[in-house]
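Trainee: Here it is, the structure in full.
Numbering (UniProt numbering), first residue to last: 1 to 67.
Next up, the structure:
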């Protein structure tokens, strides 16, 4: 019973990729054609931005009041 490296190599080369190449190319084309900013688009992103800004503003005001 000999170990056949050729059959193992053929099996590896015949395996399908983890994610289909066509899907990857499709997603790449989609994101490369987006010419506007993709951040802060959701409603929770805007809420988070407002909360963080308000919290930083309050911290700065409190530090100025103490001094």
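Quick reminder that beta carbons are idealized off the backbone N, C-alpha and C, glycines included.
The alpha helix (DSSP H) that contains residue 64, what's its start and end?
Mentor: Note, residue 64: alpha helix (DSSP H), 43-66.
Trainee: For residue 65 and residue 36, what's the separation of their Cα atoms in angstroms?
Mentor: If you take the alpha carbons of residue 65 and residue 36, they lie about 41 Å apart.
Trainee: Pick helix, strand or coil for residue 19, following the three-state DSSP scheme.
Mentor: Coil, per DSSP.
Trainee: Please state whether DSSP places residue 29 in a helix, a strand or coil.
Mentor: Reduced to three states, the DSSP call for residue 29 is helix.
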